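Chemist: Residue numbers (UniProt numbering): 1 to 177. Encoded as structure tokens, here's the structure I'll be asking about.
This is how it looks when you write it as structure tokens:
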């Protein structure tokens, strides 16, 4: 994010194939006005670069790291092993096991090294969780979160109103367009 403020959130992924999911996280952070830094770093292919990233994240001002990874999915866990603040892992969908391999790798961390884990390909929810973590000490951000939730409620209510007015078949037809 081109911002003059120091990033509060690090977004890191092991491959550019993760970009469409990680971009959803970036979009949410931008919506809330939260500065972030996004990187592609492979914990396996460039461990020295990874360790430098994770070791310097706190001094850069990061309060949360969102790490996406597929298959063996070591990136979130390794971030949590080095970075002292919250890490949110996004398991990526994989062709071999549909992302279950990634999910299990991220969620099954050893005692003492927690990683908050969202659903497979859950980029938006990872960012929303990061926003909630930051909102604990930021009243302005908390207000934005409450407004965001109210907006979600209003969207559902509008959809229900449309369903009640049009009926199921017409509603479905409208969705096909």
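Where a beta carbon is used, it is the ideal one built from N, C-alpha and C, also for glycine. Remember, it's a predicted structure, so these values are computed and weren't measured experimentally.
In its own chain, which residues sit with a C-beta less than 8 angstroms from the C-beta of residue 171, not counting the 5 before and 5 after it?
Modeler: Stepping through the chain shown from its first residue, residue 171 is reached at position 171. If we look at residue 171 and ignore the five residues flanking it on each side, its Cβ neighbours are 162 and 163.
Chemist: Write down every uninterrupted run of the beta strand (DSSP E) in the UniProt domain "PurE" (7-156) whose length is 3 residues or greater and which is fully enclosed by it, in chain order.
Modeler: Counting whole runs of 3 or more residues, the UniProt domain "PurE" (7-156) contains the beta strand (DSSP E) stretches 9-13, 36-40, 64-69 and 87-91.
Chemist: Which residues bound the alpha helix (DSSP H) around residue 174?
Modeler: Taking the first residue of the chain shown as 1, we reach residue 174 at position 174. Looking at the DSSP string, the run of the alpha helix (DSSP H) that includes residue 174 is 168-176.
Chemist: Could you pull out every residue in the same chain whose Cβ sits closer than 6 angstroms to the Cβ of residue 179, ignoring the five residues on either side in sequence?
Modeler: Since the first residue shown for the chain is 1 and the last is 177, residue 179 is missing from the structure and cannot be characterised.
Chemist: Under a Cβ-count criterion, where at least 16 other Cβ atoms within 10 Å of its own Cβ denotes burial, should residue 2 be classed as buried or exposed?
Modeler: Here residue 2 refers to the residue found at position 2 when the chain shown is read from its first residue. Since pLDDT at residue 2 reaches only 46, below the 50 mark, its modelled position is unreliable, and the value read off the structure follows with that caveat. Flag for residue 2 reads exposed.
Chemist: What do you reckon, are the CB atoms on residue 127 and residue 109 nearer than 8 angstroms?
Modeler: One-based indexing of the chain shown puts residue 127 at position 127. One-based indexing of the chain shown puts residue 109 at position 109. No, the pair does not count as a contact, with Cβ atoms beyond the cut-off.
Chemist: Out of 99, 84 and 115, which one is the CA nearest neighbour of residue 55?
Modeler: As a working note, residue 55 is residue 55 in the chain shown. When only C-alpha atoms are compared, the closest one is 84.
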